[in-house]
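Take a look at the structure set out below.
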Amino acid sequence: MPEPKKPVPKGKPRATPSPVPPRDIASPASLPDDDTPLDDVTHELTGLFVERPESITAEAGHDITFIAKVDASSLRTKPAVKWFKGKWLDLQSKSGQHFQFKHSHDRATNIYTFEMKIVKVGIPDTGSYRCEVVSKEKMDSCHFDLSVEVASSESDNILQAFKRTGEAKEDAGELDFSALLKKREVKVEQAEPDIDVWDLLKKAKPSEYEKIAFQYGITDLRGLLKRLKKMKVEVKKSDAFAKKLDTAYQVDKGNKIKLVVEIENPDDEVKWYKNGQEIKPSAKYIFERVGKKRILTINKCTLADDAAYECAIGEEKCNTEVFVREPPVLIERPLDDQQVFVEDRAEFEVHVSEEGAQVMWKKDGVELTREETFKYRFKKDGKKHFLIINEATKEDSGKYQVFTNGGQSEAFLIVEDKVLEVLQSIADLTVKATEQAAFKCEVSDEKVTGKWFKNGVEIHASKRITMVHKGRFHKLVIDDVHPEDEGDYTFIPDGYALSLSAKLNFLEIKIEYVPRQEPPKIHLDTLGSVVSQNTIILVAGNKIRLDVPITGEPAPTVAWSKADKAVTATEGRVRLDNRKDVSSFVIETAEREDEGKYTIVVTNPAGEDRAVIIIKVVDIPDPPENVRITGVGEDTATVVWDTPKYDGGQPLKGYLLERKKKGSSRWMKLNFELYQDTTYQAINMIEGCFYEMRIFAVNAIGVSPPSQCSKPFMPIAPTSEPTHLSVEDVTDTTVTLKWRPPEKVGAGGLDGYLIEYRKEGTDEWIVANKDLVEKNSYTVKNLPTGEKIEFRVRAVNIAGKSPPVVLQQAVTIREIVEQPRIRLPRHLRQTFIKKVGEQVNVVIPFQGKPRPHVSWQKDGKPLDAKEINVRSTDFDSILFIRSAERHHSGTYTVSVQVENMADTANVKIRIVEKPGPPQIVKITDVWGFNASIEWTPPKDDGNSEITGYTIQKADKKTMEWFTIYEHNRHTHCTISDLIMGNEYYFRVFSENVCGLSENPCTTKNTAVIKKTGIAYSPPGYKEHDFAHAPKFITPLINRSVIAGYSTAISCAVRGHPKPKVLWMKNRVVISEDPKYLMKNNQGVLTLNIRKPSPFDGGTYTCKAVNDLGEAEVECKVEVRVPQ
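With this note's numbering applied, the sequence shown closes on residue 1123, and no number is skipped along the way.
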């Protein structure tokens, strides 16, 4: 019964927080209706609700929320909830903008809160609702009502009832016309629109219905026509239909459904229609005739079968609607996290269980739609669904979710600004007339384009000017330099607020005649990237050209060397380019080996000059080494690494860390600011999922290559402590402990247990087991006798040790004396029988402390150790005979003794085998076709009682033996039905529990059946007159059967001569109707009725007739249609 309604002030429904995306709530199997027998319910009905949803009365257009709270303290699994409207409509399949669901969990109180929010409630939402909560073995259910009233200021136009609630989208609200008819206070007849739509529909042709509905804003034409039919005041009883179609049917997609009507006249022709179109029989649609029933079966229902159906007999018609419900759409492959740069394309992909399923995308809880700018693009490809973001911006960063009616998935999008790194800047150039000037720079992105400018004016290519873009390198080449080419040159990458500038200096050559000699002089320019006098810092990979001006008259000779090794090459990566007054030292794409001290010596007849230039090559650092995971938590991991072997010649500024899921190719940054230490704790990971991590080192030059990935690791937490630790047994040196597994194990599983102990009053715990114990019990050995020992147990998994569970009290190591007691098994309390040659294995359990002394005897004498083996443990003793013999039979006595206390028990063992043959078999008499024999029991009964004898005969001519009697318990018998003129031998086998004897005992003489002398004259008697009229000795019994299940009615009749039997239904003789099958078996009469229908109910009569009279019996048969 639903709870009583609690009225709410009009226009002020209960306030609720803003909606959040629904979580993936497991949908348990729906409970049966209230009239289902309790035996059919698989869940235990219990009171789980702490707070039940309350009945609400609200005004149309407002938002309302129903709240249910469930106490999960007594449940072993997480409870799941399901919301229904009426008895069968699952509201979670309608989840969207109109129906919204969410749940939360309070860990402190272990209470789950489930909420159902109805946005902009309308008249169709009026009705009865049900909330079901199901755990693994428990269930609870409650009912509540929703009443919706129309505000007085609103129009009472009945046409508003046929416009769906919510916005006109795929998840628009549902219609419930039955609830509207019950709850609406304003009668339909009072609505007087300007144009009477009802009158228009009545007068219009069916082909014009859709046009009228579109013209007057009716969005549910089928519902309107259905409502029009319900408004008729007088309902005529149909002359053609005994039972019409139900109002509506519901079926799951892919299943089949049967539409059943019952007609008055079985000869009437029935036609079926779907949306006004006649249905023809096919593999999809199957027509059946069962008595007065006419059945339409629709196989493998699809969404196209969701329609209005009609059954027509002449002018009489009945209608129904079929609703096809789609199964929940599950997510088979979830979303992956994405990391892109600004203006790049981002794409999320999810795989679902059904092709063409509807999904909903949200960003930070807000539903995404197709905008005019087409920022978001939705794509379907079978079971794959894509969300595509063109030209991502920083505002697009956030959490993206995808929802189906059976699950959800989420992932994060990180959008970063593009950072363009300058790997090599352009340098100032000084060239002479007609020479070539080349500006070259290198950036980090190969796809970046750019423009060249001179004094702020863009440069265009010409015969002398060439601009080259190859990979990361951009080059401007000016051939045949003129004085007007001098100026400031700038390269600006497209899309970045960055510019690279350099200056081109035009060198004019002036020749002056100096008649005197001048000593050579080196003129070094210390401008540029220097850290001290004559020291140049060069970035690896870049090009350096040292133009050293030289003066002297006559022209001096130049010599370059590095570490006393002369440099003379004029071609190659490291080369010299000597010209008058200038010596150039060139290094293309500098390497670390180019670092060192370079010496230039110039000489002429007037003297010598020398200069030292130190070149320091700096580079990005090597990657960090030895990346390893030192610890994990429930959602954290601690990573440690070693510094790079080579820091690139520059101090390290810090490290960048990335992680990814194992098997994925997408790395996620863990820090955006440089991290200084070599130990880092990563957070916000998913427990039970494998991850890998890598590290980048950063110095002033750039970022190193990534380190080797760490070994895959899984964030897991240790288990909770074991429970219910107790002492099972104590001896002088051992203690046996037992416990139960931890309540919380987690994704890391459970590897085993660690047992520790210490003396009372000390702090040092000693590990009792070297290897982990998998069982929930353990015996700690070699303990000091008389000491008080404390014990504790820890659970261990890959994450480490759990908190310990400590025994509440210390245990005194002292054996407890327990009186010995033998627990003789039930099957040994009677004689234990075995066959010769079989194994004898007798297990006698006992108890007693300390370990009892066990002794065995047979018939009061000690056992023979050569034939009988005995093994005893602390709790049982086993007597074993490998191959039993007859002499092993006897009474065995086992004695268990502890100090001066003892207990004994007797076990009787009998070893049996097949018996010997009977001793003497003789023929005692022969008469007619009979012979009598007798014998004496065998001397050897096989140590078991003789249970019987088997007697066989053989004709002397053939000597083929045939068994006459088996299991004969007497020592004599009479053999009959012997053949005249034959001569017979007889033999006898003895039998006990082991079987027949190996050999028989055979008669020495034979029994001869003579041919002569038998003259038989039967006695005279008067033949009895068996003739009598028919009489029923067993009557018919009234029956009540279910339609569609075959049944039978039976009776028995006696009469001579054999009577003729007639079966009648309602006093009409049943002829050769294949529906009925009549049988007569020795006077037992049976009428089988195949798959009866309600038409087959009535009074059945069985009539028997012969020459002496007649008799009849009758019964009533009722055929019930299942509801």
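Backbone N, C-alpha and C define an ideal beta-carbon position, used for all residues, glycine too.
For residue i, three-class secondary structure by DSSP
{"i": "R823", "result": "coil"}
{"i": "K94", "result": "helix"}
{"i": "E1114", "result": "strand"}
{"i": "K362", "result": "strand"}
{"i": "G1109", "result": "strand"}
{"i": "K394", "result": "helix"}
{"i": "L303", "result": "helix"}
{"i": "L657", "result": "strand"}
{"i": "D106", "result": "strand"}
{"i": "E264", "result": "coil"}
{"i": "P520", "result": "strand"}
{"i": "E1023", "result": "coil"}
{"i": "Y646", "result": "coil"}
{"i": "L750", "result": "coil"}
Selection from the options that minimises the alpha carbon distance to residue i
{"i": "I613", "options": "P605, A242 and T599", "result": "T599"}
{"i": "R76", "options": "G942, K138, S990 and R851", "result": "K138"}
{"i": "E115", "options": "M901, T297 and K102", "result": "K102"}
{"i": "A1043", "options": "M714, V1121, F690 and Q401", "result": "V1121"}
{"i": "K625", "options": "E595, S707 and Q847", "result": "A small correction: the amino acid at residue 625 is Glu; Lys does not occupy that position in the sequence shown. Closest by alpha carbon: S707."}
{"i": "R1147", "options": "K383, G365, R345 and V322", "result": "No information on residue 1147 is available, as it lies outside the stretch 1 to 1123 that the chain covers here."}
{"i": "A1104", "options": "E899, I755 and V1053", "result": "V1053"}
{"i": "G356", "options": "T369, V329, D364 and K375", "result": "V329"}
{"i": "G837", "options": "V324, R910 and Y496", "result": "R910"}
{"i": "V359", "options": "F386, N255 and I868", "result": "F386"}
{"i": "E1110", "options": "K1031, K317 and R829", "result": "K1031"}
{"i": "M685", "options": "A747, W641 and T723", "result": "A747"}
{"i": "C994", "options": "K394, T971, Y949 and F986", "result": "Y949"}
{"i": "E687", "options": "Y680, I716 and Y675", "result": "I716"}
{"i": "P1094", "options": "E1118, V854, Y1076 and L750", "result": "E1118"}
{"i": "E918", "options": "C1001, G572 and K781", "result": "For clarity, residue 918 is Pro in the given sequence; the question names Glu instead. For the residues C1001, G572 and K781, the minimum Cα distance to P918 belongs to C1001."}
Close-in-space but distant-in-sequence residues of the same chain around residue i (CB under 7 Å, 5 per side omitted)
{"i": "K1116", "result": "N1038 and T1099"}
Rounded separation between residue i and residue j - CA only
{"i": "S501", "j": "Y489", "result": "6 Å"}
{"i": "V340", "j": "E367", "result": "22 Å"}
{"i": "P606", "j": "E553", "result": "The residue you asked about is not Pro; residue 606 is Ala in the sequence shown. The straight-line gap from Cα to Cα measures roughly 8 Å."}
{"i": "K451", "j": "E458", "result": "7 Å"}
{"i": "E391", "j": "A308", "result": "47 Å"}
{"i": "R377", "j": "M668", "result": "24 Å"}
{"i": "N769", "j": "V632", "result": "25 Å"}
{"i": "M901", "j": "Q830", "result": "26 Å"}
{"i": "G398", "j": "W361", "result": "13 Å"}
{"i": "T449", "j": "F439", "result": "16 Å"}
{"i": "R969", "j": "S932", "result": "16 Å"}
{"i": "D874", "j": "C689", "result": "48 Å"}
{"i": "L112", "j": "D903", "result": "The displayed chain sequence assigns Tyr, not Leu, to residue 112. In a straight line, the C-alpha of Y112 is about 60 Å away from that of D903."}
{"i": "D547", "j": "V582", "result": "6 Å"}
{"i": "Q1123", "j": "D246", "result": "12 Å"}
{"i": "Q517", "j": "A555", "result": "10 Å"}
{"i": "N110", "j": "G749", "result": "23 Å"}
{"i": "C318", "j": "I1089", "result": "31 Å"}
Own chain partners of residue i with C-beta closer than 8 Å, once the 5 adjacent residues on each side are dropped
{"i": "I816", "result": "V730 and K849"}
Neighbourhood of residue i by C-beta distance below 6 Å, restricted to the same chain and skipping five residues each side
{"i": "E326", "result": "K253"}
{"i": "G406", "result": "P328, V329 and L330"}
Run of the beta strand (DSSP E) containing residue i, from where it starts to where it stops
{"i": "T320", "result": "E316 to R325"}
{"i": "H474", "result": "F473 to I478"}
{"i": "G607", "result": "G607 to V618"}
{"i": "F341", "result": "Q338 to F341"}
{"i": "W560", "result": "T557 to K562"}
{"i": "Q809", "result": "Looking at the DSSP string, Q809 is not in any beta strand (DSSP E), and its letter there is neither H nor E."}
Closer than 8 Å: residue i CB and nearest the ligand MN heavy atom
{"i": "D344", "result": "The model depicted lacks the ligand MN and carries no ligand whatsoever."}
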